[in-house]
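2 protein chains.
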Amino acid sequence: MSDRVAIVGATGALGFGLAVRLAATGMPVAMGSRSPERAEEAAGKARAAVPDAECTAVVNQDAVRDADIVFLCVPFRNQSENLTNLKDHLREGQILVDATVPLAAAVGGRATRTLGVWQGSAAQQAAEMVPEGVRVVGALHTVGAPKLGDLAEALDEDVLVCGDKRADKRRVAAILDRIPGLRCVDAGRLEQARTIEQMTALMISINARYKVHGGVRIVGLPKELWPPPSSS
Amino acid sequence: MSDRVAIVGATGALGFGLAVRLAATGMPVAMGSRSPERAEEAAGKARAAVPDAECTAVVNQDAVRDADIVFLCVPFRNQSENLTNLKDHLREGQILVDATVPLAAAVGGRATRTLGVWQGSAAQQAAEMVPEGVRVVGALHTVGAPKLGDLAEALDEDVLVCGDKRADKRRVAAILDRIPGLRCVDAGRLEQARTIEQMTALMISINARYKVHGGVRIVGLPKELWPPPSSS
Numbered sequence: 024m025s026d027r028v029a030i031v032g033a034t035g036a037l038g039f040g041l042a043v044r045l046a047a048t049g050m051p052v053a054m055g056s057r058s059p060e061r062a063e064e065a066a067g068k069a070r071a072a073v074p075d076a077e078c079t080a081v082v083n084q085d086a087v088r089d090a091d092i093v094f095l096c097v098p099f100r101n102q103s104e105n106l107t108n109l110k111d112h113l114r115e116g117q118i119l120v121d122a123t124v125p126l127a128a129a130v131g132g133r134a135t136r137t138l139g140v141w142q143g144s145a146a147q148q149a150a151e152m153v154p155e156g157v158r159v160v161g162a163l164h165t166v167g168a169p170k171l172g173d174l175a176e177a178l179d180e181d182v183l184v185c186g187d188k189r190a191d192k193r194r195v196a197a198i199l200d201r202i203p204g205l206r207c208v209d210a211g212r213l214e215q216a217r218t219i220e221q222m223t224a225l226m227i228s229i230n231a232r233y234k235v236h237g238g239v240r241i242v243g244l245p246k247e248l249w250p251p252p253s254s255s
Numbered sequence: 024m025s026d027r028v029a030i031v032g033a034t035g036a037l038g039f040g041l042a043v044r045l046a047a048t049g050m051p052v053a054m055g056s057r058s059p060e061r062a063e064e065a066a067g068k069a070r071a072a073v074p075d076a077e078c079t080a081v082v083n084q085d086a087v088r089d090a091d092i093v094f095l096c097v098p099f100r101n102q103s104e105n106l107t108n109l110k111d112h113l114r115e116g117q118i119l120v121d122a123t124v125p126l127a128a129a130v131g132g133r134a135t136r137t138l139g140v141w142q143g144s145a146a147q148q149a150a151e152m153v154p155e156g157v158r159v160v161g162a163l164h165t166v167g168a169p170k171l172g173d174l175a176e177a178l179d180e181d182v183l184v185c186g187d188k189r190a191d192k193r194r195v196a197a198i199l200d201r202i203p204g205l206r207c208v209d210a211g212r213l214e215q216a217r218t219i220e221q222m223t224a225l226m227i228s229i230n231a232r233y234k235v236h237g238g239v240r241i242v243g244l245p246k247e248l249w250p251p252p253s254s255s
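Those protein sequences? They're chains A and B, same order as listed.
Each step along the first sequence adds one to the number in the working numbering, with nothing skipped, and position 161 is 184.
Each step along the second sequence adds one to the number in the working numbering, with nothing skipped, and position 230 is 253.
Here's what the structure looks like:
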């Protein structure tokens, strides 16, 4: 049985890209937005890109209700508001995958710079804001949204996954590894989001300079990145 | 004519690794240390690894005197002291390549965490400390020292090079790109060292988890990463 997936912010570039890529693997996806009209519009676009896509359009609060894993794909300036709105809807046992990046662009600064977040990172801020029992995993920060949203583009990069429970990271990796060309790497505890979120700004800088949609790969890793938990 | 290279801290793992890799390409290298005996010992080891290595053993102050490009490969806790000692020896027009990483290990913390540096990064601290006219480039942070120092190990990874002048970065890249298996990527202005230095801690975490000496690659880049300056 697969985990049921919801995307909060599925009308944004990253959320939409994730939705179509997952839909293309045959996975049902709840596409959430603040407005039902915009959710429906995004789901329609997804179904146009993936004719047999099982995408349902829902408002964010409803999207998370039936999900096991909730991807939070919103701009940093909306992260707090979104988490506040979801407080009464998220429930114990769910995994919230935070992809938020505190780019300085949120306050009119450069997208090649980041803001300092009191908790250390946007993901750690999310961990502070979710209801008790909801666990946060960070992922997808370095994956470029335009490329993700264009099924004609072949992906060939890593997703750095961080979180405090390996079992949670494994479940998130099981979802994202379905997408051809993405490979999930265990990048450590949630606190590593401090660095990984900043890598987005670095990639924006590199991509702008070289006029590409590049990604990150960790080289020299073993074949099996998510070995089964030892039974001992 | 190649730039003449000196390594400050060539007795350390990273400095020594860089010395043998450059020596193996036929490049003369001034290997600097605080003590002439330790410099000689390191140069001897380099000549054992690369029989025709043109490695000279010098104290740090003498090493930098005849160099065009000085690699600073010292632990963070020694960075300030080294730069203070070099103040009267570095001169205008030289490039200082800072490879320092402010790992929390410098103060007994974890190597998977970093210290906050007032200037933003160790490289920016170096830029504040060098004499006027000496320009700082950041590089080599994510390249693992043990692998670099072992010529039997094939390298296959990127070097993220940051600095405020493209011409400086190009000169540094011309040196490091001589080493088979390393590829220099222009990672932006010196301020990007904030992120790149932290990627060392991230790589230490990933390497420990997977028991490897991994590296970083940026995928999706064009073939020519250092196009000649446009003449217009």
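C-beta atoms are modelled at their ideal positions from N, C-alpha and C, and glycine is treated no differently.
Quiz item: DSSP beta-bridge partners for L205 (chain A)?
Solution: As a working note, residue 205 (chain A) is residue 182 in the first sequence. BP columns for L205 (chain A) point to A:E180.
Self-check item: Contact set for L183 (chain B): own chain, Cβ-Cβ below 6 Å, skip 5 residues either direction
Solution: To locate residue 183 (chain B), count along the second sequence from 1; it is residue 160. V208, A210 and I219.
Quiz item: What's the call for E180 (chain B), buried or exposed, on a 16-neighbour Cβ count within 10 Å?
Solution: Within the second sequence, residue 180 (chain B) is the residue found at index 157, counting from 1. Label assigned to E180 (chain B): buried.
Quiz item: Count the other CB atoms within 10 Å of the CB of E214 (chain A); is the residue buried (16 or more) or exposed (fewer)?
Solution: The residue given as residue 214 (chain A) occupies position 191 in the first sequence. Its Cβ being crowded by 16 or more others within 10 Å, E214 (chain A) is buried.
Quiz item: Which residues, taken in chain order from the region 203–214 of chain A, show a beta carbon closer than 9 Å to some beta carbon of chain B?
Solution: V208, D209, A210, G211, R212 and E214
Quiz prompt | Backbone CA spacing between L178 (chain A) and G172 (chain A) [nearest angstrom] | solution = One-based indexing of the first sequence puts residue 178 (chain A) at position 155. One-based indexing of the first sequence puts residue 172 (chain A) at position 149. The alpha-carbon atoms of L178 (chain A) and G172 (chain A) are separated by roughly 11 Å.
Quiz item: Can the beta-carbon of G49 (chain A) be found less than 9 Å from the beta-carbon of D75 (chain A)?
Solution: Your numbering for residue 49 (chain A) matches position 26 in the first sequence. Your numbering for residue 75 (chain A) matches position 52 in the first sequence. A contact, by the Cβ cut-off of 9 Å.
Quiz item: Does A150 (chain B) get closer than 9 Å to chain A when you measure Cβ to Cβ?
Solution: Indexing the second sequence from 1 puts residue 150 (chain B) at position 127. No, no contact with chain A.
Quiz item: Which residues bound the alpha helix (DSSP H) around S228 (chain A)?
Solution: Stepping through the first sequence from its first residue, residue 228 (chain A) is reached at position 205. Looking at the DSSP string, the run of the alpha helix (DSSP H) that includes S228 (chain A) is A216 to Y233.
Quiz item: Under a Cβ-count criterion, where at least 16 other Cβ atoms within 10 Å of its own Cβ denotes burial, should G167 (chain B) be classed as buried or exposed?
Solution: Working through the second sequence from its first residue, we reach residue 167 (chain B) at position 144. By the neighbour-count rule (16 or more Cβ atoms within 10 Å), G167 (chain B) is buried.
Quiz item: Can you find a CB in chain A that lies within less than 9 Å of the CB of L41 (chain B)?
Solution: Counting from one through the second sequence, the residue named residue 41 (chain B) turns up at place 18. No - not a single Cβ of chain A is within 9 Å of the one on L41 (chain B).
Quiz prompt | Supposed contact pair G55 (chain A) and A86 (chain A) - C-beta distance, whole angstroms, cut 8 Å | solution = For this step, residue 86 (chain A) is matched to residue 63 along the first sequence. For this step, residue 55 (chain A) is matched to residue 32 along the first sequence. Indeed, because the Cβ distance is near 3 Å, the residues count as touching under 8 Å.
Quiz prompt | G243 (chain A) and G243 (chain B) closer than 9 Å at C-beta | solution = Translated into the one-based positions of the first sequence, residue 243 (chain A) becomes position 220. Translated into the one-based positions of the second sequence, residue 243 (chain B) becomes position 220. Cβ atoms of G243 (chain A) and G243 (chain B): not closer than 9 Å.
Exercise. Can you have a look at K246 (chain A) and say buried or exposed, based on whether 16 or more other CB atoms are within 10 angstroms of its CB?
Key: Here residue 246 (chain A) is taken as the residue at index 223 of the first sequence, counted from 1. Per the 10 Å Cβ criterion, exposed.
Exercise. Run the CB neighbour count on V130 (chain B), radius 10 Å, all protein chains shown included, and call it buried at 16 or more, exposed below.
Key: The residue labelled residue 130 (chain B) in the question sits at position 107 within the second sequence. Label assigned to V130 (chain B): exposed.
Practice problem: Would you mind giving the Cβ-Cβ distance between L119 (chain B) and V159 (chain B), rounded to the nearest angstrom? I have them listed as a contact below 8 Å. | Solution: Numbered from its first residue, the second sequence carries residue 119 (chain B) at position 96. Numbered from its first residue, the second sequence carries residue 159 (chain B) at position 136. Confirmed, Cβ separation roughly 5 Å.
Quiz item: Taking Cβ positions only, does A224 (chain A) come closer than 9 Å to chain B?
Solution: Indexing the first sequence from 1 puts residue 224 (chain A) at position 201. Output row for A224 (chain A): interface = yes.
Self-check item: Beta-carbon spacing of L41 (chain B), A33 (chain B) below 9 Å
Solution: For this step, residue 41 (chain B) is matched to residue 18 along the second sequence. For this step, residue 33 (chain B) is matched to residue 10 along the second sequence. Yes, the pair counts as a contact, with Cβ atoms nearer than the cut-off.
Quiz item: For R201 (chain B), which residues in chain A fall below 7 Å Cβ to Cβ?
Solution: Start at 1 with the first residue of the second sequence, and residue 201 (chain B) comes out as number 178. Simply none; closest approach about 20 Å.
Quiz prompt | Beta-carbon separation (whole angstroms), Q102 (chain A) vs A66 (chain A), contact threshold 8 Å | solution = Locating residue 102 (chain A) in the first sequence gives position 79, counting from the first residue. Locating residue 66 (chain A) in the first sequence gives position 43, counting from the first residue. The pair is not a contact, with the Cβ atoms about 23 Å apart (cut-off 8 Å).
Quiz prompt | I227 (chain A) versus L174 (chain B) - alpha carbon distance | solution = Taking the first residue of the first sequence as position 1, residue 227 (chain A) is located at position 204. Taking the first residue of the second sequence as position 1, residue 174 (chain B) is located at position 151. One C-alpha to the other measures close to 34 Å.
Quiz item: In terms of residue numbering, what span does the alpha helix (DSSP H) encompassing D85 (chain B) cover?
Solution: As a first step, residue 85 (chain B) must be located in the second sequence, where it is residue number 62. Where D85 (chain B) is concerned, the enclosing alpha helix (DSSP H) stretches over N83 to R88.
Quiz item: Which first and last residues belong to the alpha helix (DSSP H) in which N238 (chain B) is found?
Solution: Translated into positions along the second sequence, residue 238 (chain B) becomes position 215. Reading the sequence as shown, one finds Gly at residue 238 (chain B) and not Asn. It is not in any alpha helix (DSSP H) - G238 (chain B) instead sits in the beta strand (DSSP E) that spans G238 to V242.
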